[in-house]
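S.K.: Following this message is one structure expressed as structure tokens.
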Amino acid sequence: MKTLLKIINDIGFGNSRENVDKLLDNVPSCYETERDVSSEVREGPITLQSCQFTMTFNHQQILPLQLSAESVKGVVIPQIEIFDMTKNVKHCFLHVKDPIKYLEQYATSPSKMKYSNVVDYLRTWKPLVEMESAVNAVKCSTATINDVPVKFLSQNGGKFSLSKEFCDQRNIDINKASLSVFLTKQESVDDENEEGIKEIASPDYLCIRCQILKSFIDKQDLKMENIAPSDYFIWIAHAKIIKANVRKGKIDFIFRIHKDSKLIPPELMIEGSKRCSIEIIFKSSADQRIDTVLQCLNRATTLAQAIAKGTAIPKLDAVHNKLGLHTKPDCRYVGLFGNNKNQYNAIKRALTTSFSLIQGPPGTGKTYTGIKLVYLFNQINLKWKKLGNEKKQIIFCGPSNKSVDLVARWIMRKLKHNCPKMVRWYGTSIEDDAYPIPGKTQNSRGERSKADEYLREVSMHILIRELTKPYQKDIAAFDKDFKQNQTGFILTM
Numbered sequence: 001m002k003t004l005l006k007i008i009n010d011i012g013f014g015n016s017r018e019n020v021d022k023l024l025d026n027v028p029s030c031y032e033t034e035r036d037v038s039s040e041v042r043e044g045p046i047t048l049q050s051c052q053f054t055m056t057f058n059h060q061q062i063l064p065l066q067l068s069a070e071s072v073k074g075v076v077i078p079q080i081e082i083f084d085m086t087k088n089v090k091h092c093f094l095h096v097k098d099p100i101k102y103l104e105q106y107a108t109s110p111s112k113m114k115y116s117n118v119v120d121y122l123r124t125w126k127p128l129v130e131m132e133s134a135v136n137a138v139k140c141s142t143a144t145i146n147d148v149p150v151k152f153l154s155q156n157g158g159k160f161s162l163s164k165e166f167c168d169q170r171n172i173d174i175n176k177a178s179l180s181v182f183l184t185k186q187e188s189v190d191d192e193n194e195e196g197i198k199e200i201a202s203p204d205y206l207c208i209r210c211q212i213l214k215s216f217i218d219k220q221d222l223k224m225e226n227i228a229p230s231d232y233f234i235w236i237a238h239a240k241i242i243k244a245n246v247r248k249g250k251i252d253f254i255f256r257i258h259k260d261s262k263l264i265p266p267e268l269m270i271e272g273s274k275r276c277s278i279e280i281i282f283k284s285s286a287d288q289r290i291d292t293v294l295q296c297l298n299r300a301t302t303l304a305q306a307i308a309k310g311t312a313i314p315k316l317d318a319v320h321n322k323l324g325l326h327t328k329p330d331c332r333y334v335g336l337f338g339n340n341k342n343q344y345n346a347i348k349r350a351l352t353t354s355f356s357l358i359q360g361p362p363g364t365g366k367t368y369t370g371i372k373l374v375y376l377f378n379q380i381n382l383k384w385k386k387l388g389n390e391k392k393q394i395i396f397c398g399p400s401n402k403s404v405d406l407v408a409r410w411i412m413r414k415l416k417h418n419c420p421k422m423v424r425w426y427g428t429s430i431e432d433d434a435y436p437i438p439g440k441t442q443n444s445r446g447e448r449s450k451a452d453e454y455l456r457e458v459s460m461h462i463l464i465r466e467l468t469k470p471y472q473k474d475i476a477a478f479d480k481d482f483k484q485n486q487t488g489f490i491l492t493m
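Letter by letter, the sequence shown follows residues 1 to 493 in UniProt numbering.
Here you go:
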């Protein structure tokens, strides 16, 4: 192979890369194939956000794989670390196979019925939440940036920088939010664009890969990129972005390397900065919120802390308790079925306590009981308003979009004219599907949900676009611009 490359690189044959490409074009298995993969194929305010590619494997095909040793039950066995697919694409098998081991760590403390304080609760549950975040993160799409100058400050971490323009053009949204975003209105700030160093509350993960040459390589070969896989190895480390230094037009990301990652090679520590390939493994927005809210538990209400610690729940205030006692649990007069004994007791308890848990096996009427509670709580809110107080709202949450859609449809169908005034608030992914924003893509690899057409008239992203709404004209203008400029446009203020 080296002899063949030497012949191809001979000055009499012209450009070596062109010669190699011409040679491969005559190999049957290489017909209509690409040499590499990249999304950097379109210029403009917004670049191509992603690219899809496939690779066909043939029998007896030689693949460049990097192996290492792994101890399994005391026995050392080989494992695949990385698949060196192309110059731009190198698949790390480690964090995909065991995301908890390489991105986080396994929790060792079991959950308890009660906790002595908030610190005790966090010590138990934060590792469990982080384990779930790591597993969910590898299921989402990632962003790989090649040739990023990385400065390793110690064996424990380092930093790299990206310009805001670079990230905006490619929809690379690395989480930079600190705890202050999730605190009370008085304490919160516009944290996302505020300049300065900040600790990230729920950091995204990194897979850092760097090519290390095993021996001296001729400069001409380096220039022509004629390096065989056997002439180098790929150093791999996993990390978390723990801090962000937001400056004008630029962001410095400071990361901490996972404790079980390999030691940084000396040649990377000596040099000022080394160009590496960085794969950003994004946490889902739901996991980020859960992680961050847990960290805010010490500033939460007495009720929230009591629920978490498993201690006595604070009593409901006297006025709401009285309104609950005088509210009949039976909803047959509005077209709903009557209650059995268990449902009656569950509803009565929910109306007169500040927190109530209703559970049971499938088919016992939990969803139907929830619909009745929505109606009854709304009746209590109307009575509360008649007493001269501000009208309160009810928030109904569910584990999935489909579960919330189901309850919303049932409320509208069953209660009909008695249905409370309601708004279905979908997440940004579903809104972006209906009204796409140029250059904004979703990270999920799974099947994407869609808004329920039956709930269209009560969906938030539809309501704000109605002619009578205050910002309808501004939103309509943006929608028109987005539709006419799919590749992006520069907004001037």
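Even for Gly, the Cβ is constructed at its ideal location relative to N, Cα and C.
Is residue 397 helix, strand or coil when you go by DSSP?
M.R.: Within the sequence shown, the letter at position 397 stands for residue 397. Residue 397 falls in the coil class under three-state DSSP.
S.K.: Indicate whether residue 496 and residue 408 have their beta-carbon atoms separated by less than 7 Å.
M.R.: Within the shown structure, residues of the chain are numbered from 1 to 493, placing residue 496 beyond reach of any answer.
S.K.: My output table needs one value for residue 408: the three-state DSSP class, helix, strand or coil.
M.R.: Numbered from 1 along the sequence shown, position 408 holds the residue referred to as residue 408. Here residue 408 sits in helix by DSSP.
S.K.: For residue 196, write down the residues that DSSP places opposite it in a beta bridge.
M.R.: Indexing the sequence shown from 1 puts residue 196 at position 196. BP columns for residue 196 point to 246.
S.K.: From which residue to which residue does the beta strand (DSSP E) around residue 66 run?
M.R.: Walking along the sequence shown from the start, residue 66 turns up at place 66. Where residue 66 is concerned, the enclosing beta strand (DSSP E) stretches over 65 to 72.
S.K.: Report the rounded CA-to-CA distance for residue 92 versus residue 258, giving the unit in angstroms.
M.R.: By one-based count along the sequence shown, residue 92 stands at place 92. By one-based count along the sequence shown, residue 258 stands at place 258. If you take the alpha carbons of residue 92 and residue 258, they lie about 15 Å apart.
S.K.: Spatial neighbours of residue 303 within its chain, please: CB distance less than 6 Å, with the 5 preceding and 5 following residues excluded, ordered by chain position.
M.R.: Here residue 303 is taken as the residue at index 303 of the sequence shown, counted from 1. Excluding its 5 nearest sequence neighbours in each direction, residue 303 has C-beta neighbours in its own chain below 6 Å: 314, 354, listed in chain order.
S.K.: How do the region 148 to 157 and the region 263 to 271 stand: do at least 3 beta-carbon pairs fall below 8 Å, yes or no?
M.R.: yes
S.K.: Is it the case that the Cβ atoms of residue 96 and residue 138 are separated by a distance below 7 Å?
M.R.: As a first step, residue 96 is located in the sequence shown; it is residue number 96 there, counting from the start. As a first step, residue 138 is located in the sequence shown; it is residue number 138 there, counting from the start. In this structure, residue 138 lies closer than 7 Å to residue 96 by Cβ.
S.K.: Let me know the secondary structure DSSP gives residue 91 once reduced to three states.
M.R.: Here residue 91 refers to the residue found at position 91 when the sequence shown is read from its first residue. Strand at residue 91.
S.K.: Out of 286, 324, 357, which one is the CA nearest neighbour of residue 383?
M.R.: As a first step, residue 383 must be located in the sequence shown, where it is residue number 383. Nearest neighbour of residue 383 by Cα position, chosen from 286, 324, 357, turns out to be 324.
S.K.: Do residue 229 and residue 84 have their beta-carbon atoms positioned less than 7 Å apart in this structure?
M.R.: Numbered from 1 along the sequence shown, position 84 holds the residue referred to as residue 84. Numbered from 1 along the sequence shown, position 229 holds the residue referred to as residue 229. Yes. Within cutoff.
S.K.: Is DSSP giving residue 256 helix, strand or coil here?
M.R.: As a working mapping, residue 256 is identified with position 256 in the sequence shown. It is a strand residue.
S.K.: Beta-carbon separation of residue 327 and residue 343 under 7 Å?
M.R.: Locating residue 327 in the sequence shown gives position 327, where the first residue counts as 1. Locating residue 343 in the sequence shown gives position 343, where the first residue counts as 1. Not a contact, by the Cβ cut-off of 7 Å.
S.K.: Strictly by DSSP, which residues pair up with residue 235?
M.R.: Position 235 of the sequence shown, counted from the start, is the residue given in the question as residue 235. BP columns for residue 235 point to 210.
S.K.: Jot down the residue ranges of each uninterrupted alpha helix (DSSP H) in the UniProt domain "DNA2/NAM7 helicase helicase" (340 to 483), minimum 4 residues, whole runs only, in chain order.
M.R.: 341 to 352, 366 to 386, 401 to 415, 428 to 434, 460 to 463
S.K.: According to DSSP, simplified to helix, strand and coil, what is residue 133?
M.R.: Translated into the one-based positions of the sequence shown, residue 133 becomes position 133. Three-state DSSP puts residue 133 in a helix.
S.K.: Assign residue 288 to one of two classes, buried (16 or more other C-beta atoms within 10 Å of its C-beta) or exposed (fewer than that).
M.R.: In the sequence shown, the residue the question calls residue 288 occupies position 288. Label assigned to residue 288: buried.
S.K.: With DSSP collapsed to three states, give me the class of residue 180.
M.R.: Stepping through the sequence shown from its first residue, residue 180 is reached at position 180. In this structure, residue 180 counts as helix in the three-state DSSP scheme.
S.K.: Using CA atoms only, rank isn't needed, just tell me which of 365, 255, 317 is closest to residue 207.
M.R.: As a position in the sequence shown, residue 207 is number 207, starting the count at 1. Considering only alpha carbons, the answer is 255.
S.K.: Return the chain-ordered list of same chain residues with a C-beta closer than 7 Å to the C-beta of residue 78, the five sequence neighbours on each side being excluded.
M.R.: Counted from its first residue, the sequence shown places residue 78 at position 78. The answer, listed in chain order, is 67, 69.
S.K.: Check whether the Cβ atoms of residue 201 and residue 177 lie closer than 7 Å to each other.
M.R.: Sequence index remark: in the sequence shown, residue 201 carries index 201 (1-based). Sequence index remark: in the sequence shown, residue 177 carries index 177 (1-based). Yes; because the gap between Cβ atoms is below 7 Å, this pair is in contact.
S.K.: Would DSSP call residue 79 helix, strand or coil?
M.R.: The count along the sequence shown starts at 1 and reaches residue 79 at position 79. Reduced to three states, the DSSP call for residue 79 is strand.
S.K.: Can you tell me the Cα-Cα spacing of residue 483 and residue 436, whole angstroms?
M.R.: Mapped onto the sequence shown, residue 483 falls at position 483. Mapped onto the sequence shown, residue 436 falls at position 436. Rounded to whole angstroms, residue 483 to residue 436 spans 8 Å at the Cα level.
S.K.: For residue 86, report the span of its alpha helix (DSSP H) as first-last.
M.R.: On the sequence shown, residue 86 is found 86 positions in, with the first residue counted as 1. Per DSSP, residue 86 is not a residue of any alpha helix (DSSP H), being assigned neither H nor E.
S.K.: Using the C-alpha atoms, what's the distance from residue 339 back to residue 386?
M.R.: Translated into the one-based positions of the sequence shown, residue 386 becomes position 386. Translated into the one-based positions of the sequence shown, residue 339 becomes position 339. Each residue's alpha carbon lies about 28 Å from the other.
S.K.: Can you tell me whether residue 376 is buried or exposed, with buried defined as 16 or more other CB within 10 angstroms of its CB?
M.R.: Within the sequence shown, residue 376 is the residue found at index 376, counting from 1. Residue 376 should be labelled buried.
S.K.: Alpha carbon to alpha carbon, how far is residue 291 from residue 232?
M.R.: What you label residue 291 is simply residue 291 of the sequence shown in a count that begins at 1. What you label residue 232 is simply residue 232 of the sequence shown in a count that begins at 1. Each residue's alpha carbon lies about 39 Å from the other.
S.K.: Which residue wins for smallest C-alpha separation from residue 264, given the options 65, 210, 38, 308?
M.R.: Locating residue 264 in the sequence shown gives position 264, where the first residue counts as 1. Nearest option by C-alpha distance: 210.
S.K.: Which residue comes first and which comes last in the alpha helix (DSSP H) that contains residue 321?
M.R.: If you number the sequence shown from 1, residue 321 lands on position 321. From DSSP, the alpha helix (DSSP H) with residue 321 extends over 318 to 325.
S.K.: In terms of alpha-carbon separation, which member of 405, 401, 453 lies closest to residue 429?
M.R.: For the purposes of this step, residue 429 is taken as the residue at position 429 of the sequence shown. For residue 429, the nearest C-alpha among the options comes from 401.
S.K.: According to DSSP, is residue 498 part of a helix, a strand, or is it coil?
M.R.: Residue 498 lies beyond the residue range present for the chain, which begins at 1 and ends at 493; the question has no answer from this structure.
S.K.: By how many angstroms is the C-alpha of residue 373 removed from the C-alpha of residue 396?
M.R.: The residue given as residue 396 occupies position 396 in the sequence shown. The residue given as residue 373 occupies position 373 in the sequence shown. C-alpha separation (whole angstroms): 10 Å.
S.K.: Express the C-alpha separation of residue 479 and residue 147 in angstroms, rounding to a whole number.
M.R.: Here residue 147 is taken as the residue at index 147 of the sequence shown, counted from 1. Here residue 479 is taken as the residue at index 479 of the sequence shown, counted from 1. Near 36 Å, if we compare the C-alpha coordinates of residue 479 and residue 147.
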